[in-house]
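*Asks:* The sequence shown begins at 0 in numbering that gives the first Met the number 0 and counts up one residue at a time.
Positions of the beta carbon are idealized from the N, C-alpha and C atoms, including for glycine.
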Amino acid sequence: MALVLCAAPVPARAGASFDFLFNMDRVSNDNQYFLNVAVSNYGYDRVVLEPVLPRLRYVEADLPVVLFLADECGRPPGYIVDLRARGLSWAVIFNRVDVPYDRLFVGIRNDPGPPYGNAWGHWRRDRRGVRLSDSDISGLVQVQIGARAARMRPYEMARARGQGRPVAFVVAEERGRPYHGGRRGNDEHEGRGRNKDHGPHRDHHGNHDNHD
0 MALVLCAAPV
10 PARAGASFDF
20 LFNMDRVSND
30 NQYFLNVAVS
40 NYGYDRVVLE
50 PVLPRLRYVE
60 ADLPVVLFLA
70 DECGRPPGYI
80 VDLRARGLSW
90 AVIFNRVDVP
100 YDRLFVGIRN
110 DPGPPYGNAW
120 GHWRRDRRGV
130 RLSDSDISGL
140 VQVQIGARAA
150 RMRPYEMARA
160 RGQGRPVAFV
170 VAEERGRPYH
180 GGRRGNDEHE
190 GRGRNKDHGP
200 HRDHHGNHDN
210 HD
C-alpha cells in the first residue's frame with residue numbers, strides 16, 4: 000500500500016479539481032475519501048471553501064489543519080488560509096489564534112510511540128514552551144479528525160499510524176470504503192456543506208466530541 004499521507008506533501012497543481020471534497024461520486028481513493036469526510040463533518044459549504052483552496056500549497060496536508068483550527072478558534076477557514084499563505088508555520092498560527100497544543104493531544108494520555116511519541120513527550124514536559132513541527136501538527140490533526148470519523152480513540156489511531164497504517168486508510172477501512180470503486184481494493188490511502196463561513200463547529204451532531 001502506498002502511504003500517501005505519510006509521504007512528503009505534493010504541491011497542488013494549478014487548475015486542480017477539488018470536486019472530490021464535495022461530491023462522493025468524485026472520490027477515487029482513500030486520501031480523497033478522508034478529506035471528503037473531513038469537509039463533510041466540519042460542515043462547510045463549497046462556496047465557502049473552494050475559493051480559498053488554490054491558496055493552499057499542499058491541500059492534502061494543510062486543509063485538515065485549516066478545518067481543525069477554524070473550528071477550534073471560531074474563525075472562518077479563509078482567515079486561517081490567509082495566515083498560512085503568508086508563510087507562517089502552523090506553530091505560529093496556533094499561537095496567533097490562541098489554540099493550545101492540548102487540542103492536538105485530546106484522548107492521548109499515554110505515549111503513543113512513533114511517529115508522535117517525541118512530540119507527545121515534549122508537550123508533556125513543557126506544554127507552554129514546546130514548539131511542534133508542521134509535520135507533527137499536520138499528523139496529529141489527522142489523528143484527531145480520523146479518530147472522530149472512525150469512532151476510535153485518538154490514542155488508538157496514533158498507534159495505528161505507528162504500525163504503518165495511514166489515518167486515511169484506517170478511516171476508509173472502518174467506514175467500509177463507500178466511494179465508487181472503493182471495495183475493489185485501493186492502493187492509495189486519503190467532507191461537504193455548512194452554510195456559514197464563520198463560527199465554531201460542534202461536530203455534525205451539534206456537540207464538540209473528543210474534547211474532554
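Going by the CB atoms, is the gap between A159 and D135 shorter than 9 Å?
*Replies:* no
*Asks:* At 3 residues or longer, and completely inside the segment 112 to 153: list those beta strand (DSSP E) runs for me, N to C.
*Replies:* If we require 3 residues or more, the segment 112 to 153 turns out to have no beta strand (DSSP E) run fully inside it.
*Asks:* Just mark S137 as buried or exposed, buried being the case when its beta carbon has 16 or more other beta carbons within 10 Å.
*Replies:* buried
*Asks:* Does DSSP classify G77 as helix, strand or coil?
*Replies:* Helix.
*Asks:* Could you compute how far the alpha carbon of M156 sits from the alpha carbon of P63?
*Replies:* 16 Å
*Asks:* Does the pairing of the segment 71 to 88 with the segment 103 to 118 give three or more beta-carbon distances under 8 Å?
*Replies:* no
*Asks:* So what's F104 in DSSP terms, helix, strand or just coil?
*Replies:* helix
*Asks:* In angstroms with no decimal places, state the Cα-to-Cα distance between V140 and L87.
*Replies:* 17 Å
*Asks:* In this structure, how does DSSP classify Y32 when only helix, strand and coil are distinguished?
*Replies:* helix
*Asks:* If you run the structure through DSSP and keep just helix, strand and coil, what is Y178?
*Replies:* coil
*Asks:* Helix or strand or just coil, what does DSSP make of G161?
*Replies:* helix
*Asks:* Decide if N40 is buried, meaning its Cβ has at least 16 other Cβ atoms within 10 Å, or exposed.
*Replies:* buried
*Asks:* Applying the criterion that 16 or more other CB atoms from any shown protein chain within 10 Å of the CB defines a buried residue, is V46 buried or exposed?
*Replies:* exposed
*Asks:* Report all residues from its chain with a CB closer than 6 Å to the CB of L103; omit the five preceding and five following residues, and keep chain order.
*Replies:* L139
*Asks:* Measuring CA to CA, which of V51, Y32, E49 is closest to G176?
*Replies:* Gly is not the amino acid found at residue 176; the sequence shown has Arg there. Cα-wise, what sits closest to R176 is Y32.
*Asks:* Have a look at L52 and H179 and give me their C-alpha separation to the nearest angstrom.
*Replies:* 24 Å
*Asks:* What does a CB cutoff of less than 7 Å around P153 pick up in its chain, not counting 5 residues either side in sequence?
*Replies:* Excluding positions up to five away in sequence, the list reads V105, G106, I107, V142, Q143, A146, N209.
*Asks:* To the nearest angstrom, report how far apart W89 and I79 are at their CA atoms.
*Replies:* Cα-Cα distance, rounded: 10 Å.
*Asks:* Round the Cβ separation of V36 and V170 to the nearest angstrom and send it over; I've been treating them as touching at under 8 Å.
*Replies:* 6 Å
*Asks:* Assuming the contact rule is C-beta atoms closer than 8 Å, V96 and L66 should be a hit. Round their C-beta distance to whole Å, please.
*Replies:* No, V96 and L66 are not in contact; Cβ-Cβ is about 13 Å, not under 8 Å.
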